[in-house]
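To start, the structure itself, in structure tokens.
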Amino acid sequence: SALSRRHPHSLIAIASHNPSLVHLLSTRITRDMVDHVARHAAKCVCMHPAYASPASASPYAPPGVHSLSHFIIQIVNTTNISTATLLSCLIYFDRIRAKMNGVRHATSSAMHRIFLATIIVAAKYLNDSAPKNSHWASFVENTHRWKVDEINTMERELLRLLDFDMRFSEEEACLHFAPFMT
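8 is the number of the first residue of the sequence shown in the working numbering; add one for each residue after it.
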């Protein structure tokens, strides 16, 4: 039967997984998901007052700098990442938030750097084939002129913050993805 088949992203039968999670991961990325991820990425840093948005504003960068949501949309459209990859960033943001709280006076690009490093690591962890960092550099060249060496450094620093532990359980995924599960 269809329920006894192995899920394509798992080693166990589809019926063994949370049905709402399975459904969510088969859907396309929405603007609500992007904005939710942007808000959580923004919580990882304490912006320098010169760069901070008003408290009531969304997690957008100052005028003249692309918003974090716009940056995420650009990456989603350019890379065709999956819903699982994007939403997995929420788990990693939660893990690094306590460690990042010590960072004060971050620049306006800090949120973008954290998001980019996190999506790179999530894509590499969750997928057998993921873009190389040179590809990521070309994906973001319209908004940021980061060289491959800078992207490599961002990735290494994020991995250190995560203690190189990218694993997470289905329960942890359900907890973080709950706003989008029906």
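Glycine residues also receive a C-beta, built at the ideal position from the N, C-alpha and C atoms. Predicted, not measured: the structure shown is a model, and the values here were computed from it.
- Taking one beta carbon from each stretch, the stretch 82-91 and the stretch 163-173 have fewer than 3 pairs nearer than 8 Å; the two do not touch.
- Judged by their CB atoms, residue 76 and residue 42 are nearer to each other than the 7 Å cut-off.
- Leaving aside the five residues that flank residue 27 on each side, the residues in its chain whose CB is nearer than 7 Å to its CB run, in chain order, 188, 189.
- Taking one beta carbon from each stretch, the stretch 85-102 and the stretch 119-131 have 3 or more pairs nearer than 8 Å; the two touch.
- Non-local C-beta neighbours of residue 51 in its own chain, meaning closer than 7 Å and more than five positions away in sequence, comprise 100, 103, 104, 107, 121, ordered along the chain.
- Between residue 37 and the set 91, 24, 166, the nearest pair of CA atoms involves 91.
- Cα atoms of residue 129 and residue 157: separation of roughly 18 Å, rounded to the nearest angstrom.
- By alpha-carbon distance to residue 127, the top candidate from 151, 24, 23, 159 is 159.
- For residue 40, the enclosing alpha helix (DSSP H) starts and ends at 38-49.
- Each residue's CA atom was taken as its position, placing residue 35 and residue 184 some 14 Å apart.
- DSSP places residue 138 outside any alpha helix (DSSP H), giving it a letter other than H or E.
- Following the DSSP letters along the chain, one finds residue 79 inside the alpha helix (DSSP H) bounded by residues 75-86.
- The residues 90, 184, 187, 188, in chain order, have a CB closer than 7 Å to that of residue 31 in the same chain once the five nearest residues on each side in sequence are set aside.
- Counted as a single uninterrupted DSSP element, the alpha helix (DSSP H) harbouring residue 159 occupies residues 155-168.
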